[in-house]
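Below is one structure, written out as structure tokens; comments come after it.
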Amino acid sequence: MFDMIETLVRGLRSMSQQHDLFTQLLQTADYMRTFSSRHQEIENQLRLRMEEAEASLSTMREENEALRVELAEAKGREESTAGRLHEAEGEAARLRDELSRLRTEVLNEKKQKEDLQLRLDVQKEELEREFAVEREELAADYQTSG
């Protein structure tokens, strides 16, 4: 009977050990389920963040392309403006030269006018003197003949 009790005790111990083992296995399975579930949540969050990043990247690429087009247009406008500025500077230089030439021409004409006026004044004085002399001669002739 002692053997039977001993066998029974061994069986109970074995069952207790198996129970402990099953409990540990169940705890391990629960931990693994929790870990797997948490891992799945993290993976889903990472996928969502990756999709958001890809959408953001796509938007940035579109904005970047729009900025490139805008930059090309601005460079075109700048080149056009630079060309017009160069033309305007050339025109301004030409007009300055023309103005300088016209000023010189006006000064020359003014000097010629002054010279002509002086000659006319001299001629007028000579004519007035000659006229005065002739008048005196005529007056003298008129007095002697009359």
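Using the UniProt record's numbering, you'd call the opening residue of the sequence shown number 1 and step up by one each time.
Cβ atoms here follow ideal geometry from the backbone N, Cα and C, with glycine treated the same way.
Hey, how far is the Cα of residue i from the Cα of residue j?
i           : j    : result
T28         : F35  : 10 Å
T7          : S14  : 10 Å
Y31         : T23  : 12 Å
R61         : R96  : 51 Å
L67         : V106 : 56 Å
residue 155 : T59  : With the chain represented from 1 up to 146, any question about residue 155 goes unanswered, as that position is not in the structure.
Q117        : R77  : 58 Å
L102        : R94  : 12 Å
S37         : L25  : 18 Å
R49         : S56  : 10 Å
Quick one: residues in its chain with C-beta nearer than 8 Å to the C-beta of residue i, no 5 flanking neighbours on either side, listed in chain order?
i    : result
D133 : One point to set straight first is that residue 133 is Val, not Asp, in the sequence displayed. The answer is none, since no qualifying residue turns up.
Segments of 3+ residues assigned as beta strand (DSSP E) that fall wholly inside the UniProt region "Disordered" (74 to 93): Taking only runs of at least 3 residues, no beta strand (DSSP E) segment lies wholly in the UniProt region "Disordered" (74 to 93).
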